[in-house]
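Data block below; observations after.
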């Protein structure tokens, strides 16, 4: 049997793929309650020990947000952005 039929197919790694660190709305709610943050950005996430500051951060819509906060991140899911704006907050992409 020829070599190309004996060796399994191998895919490729997409060079444009971005790996995001996921932060849920429930985590943002905890930060807003415990640390009294009204503005949550990368610096606040680093201070809370969630990320090292070099990772790209994406806010996901898991959980419930009750506090009005301004959030800065590299990406947002649609549900997270809608939930932040529904409470009266602001979602800014950096």
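Numbering (our numbering), first residue to last: -1 to 92.
Don't be surprised by glycine CBs; every beta carbon is placed ideally from N, CA and C.
- By the Cβ-count criterion, residue 74 is buried, with 16 or more other Cβ atoms from all chains shown falling within 10 Å of its own Cβ.
- With a threshold of 16 other beta carbon atoms within 10 Å, residue 57 meets it and is buried.
- Taking all protein chains in view, the Cβ of residue 5 is surrounded by fewer than 16 other Cβ atoms within 10 Å, so the residue is classified as exposed.
- Around the C-beta of residue 82, 16 or more other C-beta atoms lie within 10 Å, and the residue is accordingly described as buried.
- Assigned with DSSP and collapsed to three states, residue 56 falls in strand.
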